[in-house]
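Converting from the sequence shown to our numbering requires adding 1092 to each position, the first position being numbered 1. First up is the structure itself, then whatever we jot down about it.
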Amino acid sequence: MPTNRTRGAHKRPTPNRSRQVGALAVTGVVSAGAVISGAGVAAAAATPVSQSRGWFLSGSALGVDLDDIVKLDDARAVNTGSPATVTQLNPLGVTLLNSLNVPLGPVNLLKGNGLLTLGAVNQAAIARSNGSAIGASGAVADSGAIAVGGKDGVPASNATLDLGGVLGSTLGTGLVGGLLDADLTVGAISANATQAKGENGNQVGDYRIADLVLDLRSPLLAGVLGTLGPQLTALQPTDNALEDQLLLEDLATAVGIPGVITVDVTNVPNLTTLLAAVDTTLGSGAVSINLTTGTIHVDIEALLQSLGLDLNNLPPNTELVNLILDALNTRVLNLVTDELDKLVTSITNAVNNLGVVVNVLGVPVSTPALTTLLGTFKTGLLGSLLAPVTSSQNNLVGPGSDLLDPVFAALEDLLSIRVNVQNKSGGTFTERAIQIRVLPGGNTLATVNLASASVGPGQGTVAGEDTTDSGTPLPETGAAESAPLAAAGLALMLAGAAATAGANRMGNSPAGAHAGA
1093 MPTNRTRGAH KRPTPNRSRQ VGALAVTGVV SAGAVISGAG VAAAAATPVS
1143 QSRGWFLSGS ALGVDLDDIV KLDDARAVNT GSPATVTQLN PLGVTLLNSL
1193 NVPLGPVNLL KGNGLLTLGA VNQAAIARSN GSAIGASGAV ADSGAIAVGG
1243 KDGVPASNAT LDLGGVLGST LGTGLVGGLL DADLTVGAIS ANATQAKGEN
1293 GNQVGDYRIA DLVLDLRSPL LAGVLGTLGP QLTALQPTDN ALEDQLLLED
1343 LATAVGIPGV ITVDVTNVPN LTTLLAAVDT TLGSGAVSIN LTTGTIHVDI
1393 EALLQSLGLD LNNLPPNTEL VNLILDALNT RVLNLVTDEL DKLVTSITNA
1443 VNNLGVVVNV LGVPVSTPAL TTLLGTFKTG LLGSLLAPVT SSQNNLVGPG
1493 SDLLDPVFAA LEDLLSIRVN VQNKSGGTFT ERAIQIRVLP GGNTLATVNL
1543 ASASVGPGQG TVAGEDTTDS GTPLPETGAA ESAPLAAAGL ALMLAGAAAT
1593 AGANRMGNSP AGAHAGA
């Protein structure tokens, strides 16, 4: 059967992969990849049998739609009944993607040393005369199937967002609440939307995020050991000082032997050495921290797995930030307090190993009363040396004084990360792998959608409920807050029934399952 197949210009030698991106909107230039030739487009004004779209980057900056700032060509296929298959492929290259001019205050979201860095991506759209369709973007094959980024010609489709830079460029300051920097890294991201053949063909979506990492940096965390150093240095005992202090005690009574009393002290604790022995890089797997730099590294996929959740099998419109912070708070505090506990043990052992010899007329003596006196002396010395460490421990977990509370409170206000973002409107079903919003309140600073795909409307849905849709998408507050089905699914997952929830996930199917629709 005849096939209409169009891809963007600037083909690379590798089959099925070309790099292309639209020029800036202000220039009025549209790249060749936006043009679909043949009967499938000639009658585009008529009611299509099927249609689909794949586009990787969308969103807004300072309230302005990105489409109004730059013109990124998507992959869009429309089939009005002939030919059998209309296909458009529109890969986007690294160089062109990262040269787009998206002003965000005094800096640029993409161009130059942008705040958002993107890898090469693929965009695919297929519409068939039998009513089936598939749209896809990101690390996807030309068939629209979700694939492994960076292998077999599939682009890496990764992204890094400098969240601290986004805020600093617009608000004039760094992040607030004791948070100096924050970066979100997304690896091999993809999404597809499919429509089954026939009238009222079922519309479903799928997404895949290979890696999702959040890196934070806070002076509050770096200050845990940073303040301990000077405090312990100031308390460092010396042989002579301890001997003089002991001579002030009532040694004559404790010894019970007349004569000249002298004291020798050995094995004096070296607090600087003990502090230097503290591990500054703590944790592994889901969460790791550095007490010197104040950095927190979060492998979000691993963190969710520890909670019984699957990053790639979450209910529609799941908000991740609260889930991340709830788990992160406990884990970071446990890592820090465990290390401070080790420091307490080291100092305690060092004081217990302190050697004290009392001599009368040059002869070492020992009596029960003297043993008691020396024990009391060591206890007092230990208390004074541990005071700054104990204070740090109390600052970590004391009532109303959790060390990183300001950091996590700031993140809740500053950041929203949603995955498996779905909506239906006017017969169109849209799937997005991830949506990142900075200052997600009433005056959202920036919204970045990565890996979007849609199918419909078309004759495949004219008899279905979607054609009478009010046009309102799924709730924008996230599944955990407003979407009953998603909330129920997430609750089941948190209870350890991830498999059950995943099997009933709204509109989702295993990766690549719909490629042949």
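Beta carbons: idealized from backbone N, C-alpha and C, even for Gly. Keep in mind that this is a model prediction, so the values were computed, not measured.
- Each residue's CA atom was taken as its position, placing I1439 and P1361 some 7 Å apart.
- With contacts defined by Cβ atoms closer than 7 Å, T1187 and T1252 do not form a contacting pair.
- Note that the C-beta distance between N1292 and P1247 is not below 7 Å.
- Buried is the label assigned to T1172, since at least 16 other Cβ atoms lie within 10 Å of its Cβ.
- A distance of 7 Å or more separates the beta carbons of L1313 and A1502.
- In the structure shown, the three-state DSSP call for I1509 is strand.
- For a cut-off of 8 Å, the C-beta gap from V1141 to Q1551 is around 5 Å, short enough to register as a contact.
- E1411 has R1510 as its beta-bridge partners, per DSSP.
- Annotation for Q1397: no beta strand (DSSP E) segment contains it, though the alpha helix (DSSP H) segment containing it runs 1392-1398.
- Of the candidates L1435, L1531, R1300, V1449, L1531 places its Cα closest to the Cα of V1413.
- The Cβ neighbour count for Q1328, taken over all protein chains shown within 10 Å, is under 16; the residue is labelled exposed.
- Proximity to D1371 across N1382, A1239, D1160, G1351 peaks at N1382, based on C-alpha coordinates.
- In the structure shown, I1349 falls within a coil segment according to DSSP collapsed to helix, strand and coil.
- In this structure, the beta-carbon distance from D1331 to V1449 does not fall below 7 Å.
- In the DSSP assignment, the residues bridged to K1516 are F1521.
- Distance from the CA atom of L1158 to the CA atom of S1150, rounded to whole angstroms, is 6 Å.
- The alpha-carbon of F1500 is positioned some 8 Å away from that of N1421.
- If only complete runs of 4 or more residues are kept, the segment 1152-1192 shows the alpha helix (DSSP H) at 1158-1161, 1186-1189, in order along the chain.
- In the DSSP assignment, N1332 falls within the alpha helix (DSSP H) that extends over 1331-1339.
- Distances from the CA of L1154 to each of A1545, S1546, R1529, G1185 were compared; the closest alpha carbon is that of R1529.
- In the DSSP annotation of this structure, A1239 is not part of any alpha helix (DSSP H), being labelled neither H nor E.
- With a cutoff of 7 Å on beta-carbon distance, I1218 and G1236 are scored as near each other.
- In this structure, A1543 sits away from I1238, with a CB-CB distance that is not shorter than 7 Å.
- Between the alpha carbons of A1394 and A1378 lies a distance of about 5 Å.
- If you ignore the 5 residues before and after D1273, its C-beta comes within less than 6 Å of the C-beta of G1256, R1309, all in its own chain and listed in chain order.
- Of the candidates D1307, G1348, L1320, the residue whose Cα lies closest to the Cα of T1463 is G1348.
- Taken through DSSP and simplified to helix, strand or coil, S1458 comes out as coil.
- Apart from the 5 residues on each side of it in sequence, V1513 sits with its Cβ closer than 6 Å to the Cβ of N1409, R1524, Q1527 in its chain, given in chain order.
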